[in-house]
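Since the structure comes first, as structure tokens, the remarks are kept for the end.
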Amino acid sequence: MKEWWVQVGLLTMPLLAVYLHIPPPKLSPALLSWRSSGSYFIYKDQNIFYRDSTGAVGSSDIVVLLHGFPTSSYDWCKIWEGLTQRFHRVIALDFVGFGFSDKPRPHRYSIFEQASIVEGLVRHLGLHHQRINLLSHDYGDTVAQELLHSLDTIRRLIFVLLLPQGGSVGFTDSTSPHRCVLPPEQFPGWAAPAGIIRCVNNRFLFSILQYINQRKKHRDRWVGALMSTSVPLHLIYGPLDPVNPHPEFLQLYKKVLPMSTVSVLDDHISHYPQLEDPTGFLNAYLNFINSF
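Residue 518 in our numbering sits at position 199 of the sequence shown; the count goes up by one each step and never skips.
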């Protein structure tokens, strides 16, 4: 009789092969529209998806939106129109490994690479000599911190809520698993074939998740960038966030970054305020922007 583990392997392998070749769900009409209104540029042989809308007449302000994990630029869909009424250019990208951008495997994903991709997009669009606003969320917060450390063209830096692992800007060391705090219909990109991460390849997911270790390793660099900057900072915070609880996180944030201003949304708002409360979020953001 064959060893039990051989029998299990013989049974598991064909099932795994079938699972990995299950076709992904079709894109929703909303995602098809989002993709068709975007473009691609090439960064080191990788196709990077982005959207670039021209908005308010008479404004020269530019905002670049940096999405979180494990989502995509579609995170900003509910406030996109509102942003175009205030900014001359509204730009968002899908980081490599996410959304409609390429997902190379094997690949050493890093926050440094994602920051370079943002810089590459800004150059691609001919905006590298202009000052920009960054609006970041979750994973994008850490990318924004690296940009803040590396570049001198950032005009205003807006941190939108937090990170699912360990706080928004590296204040804590938690590595708790990502917990979805909204129903699946709030994340249409998750089910899309081009959506964020199709969690059918553990090695790919593990590679993407290395940003958690990178945040620990480079904590001094990235938190230091916030503490030493003269760029205006603002936090938009949902008190119901389960990973960065109120009021403990907010107290720590204000202690570490006393020069940052803060908007606290309604008590029921959690980790994705731009989706949960787009009106309140947009008002908080524009009030900050218009205060200069």
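C-beta atoms are modelled at their ideal positions from N, C-alpha and C, and glycine is treated no differently.
Keep in mind that this is a model prediction, so the values were computed, not measured.
According to the DSSP assignment, residue 361 belongs to the beta strand (DSSP E) that extends over 358-362. With a minimum length of 3 residues, the unbroken runs of beta strand (DSSP E) contained wholly in the stretch 383-437 fall at 408-412. Here DSSP, grouped into helix, strand and coil, assigns residue 539 to helix. Rounded to the nearest whole angstrom, the C-alpha separation of residue 556 and residue 455 is 12 Å. Beta-bridge partners of residue 370 (DSSP): 411. Here residue 530 is near residue 430, since their CB atoms are less than 8 Å apart.
Sorting 362, 537, 385 and 388 by C-alpha distance to the C-alpha of residue 423 places 362 at the top. Residue environment for residue 566: exposed (fewer than 16 other C-beta atoms within 10 angstroms of its C-beta). Residue 383 places its beta carbon 8 Å or farther from that of residue 467. Rounded to the nearest whole angstrom, the C-alpha separation of residue 364 and residue 355 is 21 Å.
Per DSSP, the beta-bridge partners of residue 556 are 583.
Taking C-beta atoms as the reference points, residue 445 and residue 385 fail to come closer than 8 Å.
A direct Cα-to-Cα measurement between residue 402 and residue 605 gives close to 9 Å. Ranked by Cα distance from residue 387, the first of 462, 409 and 370 is 462.
Closest option to residue 369, judged by alpha-carbon separation, among 443, 577, 602 and 593: 443.
Restricting attention to 393, 406, 582 and 428, the CA atom closest to the CA of residue 348 is found in 393.
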